[in-house]
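Listed in order, the protein sequences are those of chains A and B. Taking the numbering used here, I'd label the letters of the first sequence as residues 15 to 129. Taking the numbering used here, I'd label the letters of the second sequence as residues 372 to 483. All C-beta atoms in this analysis are idealised placements derived from N, C-alpha and C, irrespective of residue type, glycine included. One structure is given below, encoded as C-alpha cells.
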Amino acid sequence: DTGVSQDPRHKITKRGQNVTFRCDPISEHNRLYWYRQTLGQGPEFLTYFQNEAQLEKSRLLSDRFSAERPKGSFSTLEIQRTEQGDSAMYLCASSLDRDWENTIYFGEGSWLTVV
Amino acid sequence: GQQVMQIPQYQHVQEGEDFTTYCNSSTTLSNIQWYKQRPGGHPVFLIQLVKSGEVKKQKRLTFQFGEAKKNSSLHITATQTTDVGTYFCAGEPYSGTYKYIFGTGTRLKVLA
Numbered sequence: 015d016t017g018v019s020q021d022p023r024h025k026i027t028k029r030g031q032n033v034t035f036r037c038d039p040i041s042e043h044n045r046l047y048w049y050r051q052t053l054g055q056g057p058e059f060l061t062y063f064q065n066e067a068q069l070e071k072s073r074l075l076s077d078r079f080s081a082e083r084p085k086g087s088f089s090t091l092e093i094q095r096t097e098q099g100d101s102a103m104y105l106c107a108s109s110l111d112r113d114w115e116n117t118i119y120f121g122e123g124s125w126l127t128v129v
Numbered sequence: 372g373q374q375v376m377q378i379p380q381y382q383h384v385q386e387g388e389d390f391t392t393y394c395n396s397s398t399t400l401s402n403i404q405w406y407k408q409r410p411g412g413h414p415v416f417l418i419q420l421v422k423s424g425e426v427k428k429q430k431r432l433t434f435q436f437g438e439a440k441k442n443s444s445l446h447i448t449a450t451q452t453t454d455v456g457t458y459f460c461a462g463e464p465y466s467g468t469y470k471y472i473f474g475t476g477t478r479l480k481v482l483a
C-alpha cells in the first residue's frame with residue numbers, strides 16, 4: 015500500500031504524559047498536513063509543511079504541540095503534557111505541488127484517548 | 372475567525388432520491404475542495420473548484436462554486452447506498468497557504 019501511513023493507529027495515555035505520532039506521506043509528496051478531528055466535527059487544521067519547512071501553524075495550537083519534518087519526508091507530531099481535551103483523531107495528509115488540483119490524500123488517522 | 376458552515380447537518384433520503392449539501396464561508400475563498408468520509412474512515416478527496424461560478428460534474432455528482440466565491444454546493448442525483456457518509460467542504464481562504472478550513476459536514480444516510 016503506497017498511501018499515507020500513520021503510526022500508532024491507537025494510543026491511550028494518562029493525562030500529563032507525552033505522546034508522539036508519526037506520519038509517512040506518499041512517496042515524493044512534498045506537502046504534508048496535520049489535522050485533528052473529534053467525533054461529529056470536521057477536521058481542524060493544525061499545521062502544514064512544504065518539504066521540511068513548517069509554513070503554517072494554527073493559532074489554536076498551544077505550545078504543547080510541536081511538529082517536525084526534518085528531512086522533508088516523514089513527520090512527527092508531539093503532544094506534551096496531554097490533557098483530556100486532546101482526545102481526538104490526528105490525521106496526516108500529503109499532496110504533490112506539481113498536482114494543479116492539489117489532491118490531498120489523508121491517512122487513516124491516529125486515535126488518541128487521554129484518561 | 373474564519374468559519375465554514377454546511378447545511379443540512381443530517382439528511383436521510385430514500386435510495387434514488389436526489390441530495391444536496393450547501394457550504395457557506397464567512398470570507399471569500401481562493402478555492403474550495405470537497406471530501407467524503409465514510410463512517411469510521413478518513414476523508415477522501417473528491418474535487419477542487421477554483422473559478423468563480425465554476426461547475427464540475429463527476430458521474431452523478433455535481434459541484435458548484437458561487438460567483439462570490441463564498442459558497443458552494445454538492446448535488447447527488449439518484450442516490451445509492453454507496454453514497455452513505457459525511458460530505459465536507461474545505462475552503463482555502465488565502466491562496467498558497469494550503470490552510471484548508473473544513474466545514475461542519477453533512478451526514479447522508481440512504482435508505483434502501
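(1) Which parts of the stretch 428–455 of chain B are runs of the alpha helix (DSSP H), unbroken and 4 residues or longer, counting only runs that do not cross its ends?
(2) Mind pulling the alpha helix (DSSP H) runs of 4 or more residues that sit fully within the stretch 24–101 of chain A?
(3) Output, in sequence order along the chain, the residues in the stretch 64–77 of chain A whose CB is closer than 7 Å to any CB in chain B.
(4) For H43(A), collect the residues of the same chain with a Cβ closer than 7 Å to its Cβ; drop the 5 residues on either side in sequence, then sort them by chain order.
(5) Excluding the 5 residues preceding and the 5 following G30(A) in the sequence, name in chain order all residues of the same chain whose CB lies nearer than 7 Å to its CB.
(6) Which same chain residues end up closer than 7 Å to D100(A) when comparing Cβ atoms and leaving out the 5 residues on each side of it in sequence?
(7) On the CB-based measure, 16 or more other CB atoms within 10 Å of its CB, does P39(A) come out buried or exposed?
(8) Kindly list, in the order they appear in chain B, the residues whose Cβ is closer than 9 Å to that of G121(A).
(9) Using alpha carbons as the reference points, say which of M103(A), G54(A), C106(A) and S19(A) lies closest to Q380(B).
(10) Provide the residue(s) that pair with K407(B) in DSSP beta bridges, ordered along the chain.
(11) Need the endpoints of the beta strand (DSSP E) that Y465(B) sits in, please.
(12) Show which residues of chain B have a CB atom less than 7 Å away from the CB atom of I40(A).
(13) Using C-beta distances below 6 Å, list every residue in its chain close to Q404(B), excluding the 5 sequence neighbours before and after it, in chain order.
(14) One question on the structure: do G123(A) and V18(A) come within less than 7 Å of each other, judged by their Cβ atoms?
(15) Determine whether the beta carbon atoms of T1(A) and R36(A) lie at a separation below 7 Å.
(16) In the DSSP output, what is V128(A) paired with across the bridge?
(17) Return the residue from the list V384(B), L479(B) and K470(B) that minimises the CA-CA distance to S72(A).
(18) Please say whether F459(B) and G437(B) have beta carbons closer to each other than 7 Å?
(19) Smallest Cα separation from D21(A): which of N65(A), L75(A), F88(A) and D77(A)?
(20) Am I right that T452(B) and E388(B) are in contact with their C-beta atoms under 8 Å? What's the rounded C-beta distance?
(21) Check the Cβ of Y458(B) against every Cβ in chain A and list those closer than 9 Å, keeping chain order.
(22) Going straight from the alpha carbon of M103(A) to that of Q51(A), what length do you get?
(23) Residues of chain B with CB closer than 7 Å to the CB of L105(A), please, in chain order.
If we stick to the structure as given:
(1) none
(2) none
(3) E70
(4) Counting from one through the first sequence, the residue named residue 43(A) turns up at place 29. Closer than 7 Å at the Cβ level, and outside the excluded window around H43(A), lie S108, S109 and L110.
(5) As a position in the first sequence, residue 30(A) is number 16, starting the count at 1. Cβ neighbours of G30(A) beyond the five flanking positions: R95 and T96.
(6) To locate residue 100(A), count along the first sequence from 1; it is residue 86. Counting only Cβ-Cβ distances below 7 Å, and skipping sequence neighbours, we find I93, L126 and V128.
(7) Working through the first sequence from its first residue, we reach residue 39(A) at position 25. By the 10 Å Cβ count, P39(A) comes out buried.
(8) Position 107 of the first sequence, counting from 1, holds the residue named residue 121(A). Near G121(A) (Cβ distances below 9 Å), the residues of chain B are H413.
(9) Position 9 of the second sequence, counted from the start, is the residue given in the question as residue 380(B). Of the listed residues, the one whose Cα sits closest to Q380(B) is G54(A).
(10) Taking the first residue of the second sequence as position 1, residue 407(B) is located at position 36. Looking at the DSSP assignment, K407(B) forms a beta bridge with V415(B) and Y458(B).
(11) Reading the second sequence from its first residue, position 94 is the one you call residue 465(B). Careful: Y465(B) lies outside any beta strand (DSSP E) and carries neither H nor E.
(12) Your numbering for residue 40(A) matches position 26 in the first sequence. Under the 7 Å cutoff, chain B gives no residues; its nearest Cβ is about 12 Å from I40(A).
(13) As a first step, residue 404(B) is located in the second sequence; it is residue number 33 there, counting from the start. Hits under 6 Å: Q419 and A461.
(14) Residue mapping note: residue 123(A) aligns to position 109 of the first sequence, counting from 1. Residue mapping note: residue 18(A) aligns to position 4 of the first sequence, counting from 1. Going by C-beta atoms, G123(A) is not nearer than 7 Å to V18(A).
(15) Given a span of 15 to 129 for chain A in the structure shown, any question on residue 1(A) remains unanswerable.
(16) Counted from its first residue, the first sequence places residue 128(A) at position 114. Looking at the DSSP assignment, V128(A) forms a beta bridge with T27(A).
(17) Stepping through the first sequence from its first residue, residue 72(A) is reached at position 58. Cα-wise, what sits closest to S72(A) is K470(B).
(18) Within the second sequence, the letter at position 66 stands for residue 437(B). Within the second sequence, the letter at position 88 stands for residue 459(B). The answer is no: Cβ separation not under 7 Å.
(19) Indexing the first sequence from 1 puts residue 21(A) at position 7. When each option's Cα is compared against that of D21(A), the closest is F88(A).
(20) Sequence index remark: in the second sequence, residue 452(B) carries index 81 (1-based). Sequence index remark: in the second sequence, residue 388(B) carries index 17 (1-based). No, T452(B) and E388(B) are not in contact; Cβ-Cβ is about 12 Å, not under 8 Å.
(21) Here residue 458(B) is taken as the residue at index 87 of the second sequence, counted from 1. Per Cβ cutoff of 9 Å: no residues; Y458(B) is ~10 Å from chain A at best.
(22) The residue you call residue 103(A) lines up with position 89 of the first sequence. The residue you call residue 51(A) lines up with position 37 of the first sequence. For M103(A) and Q51(A), the distance between alpha carbons rounds to 5 Å.
(23) Mapped onto the first sequence, residue 105(A) falls at position 91. Correct list: H413.
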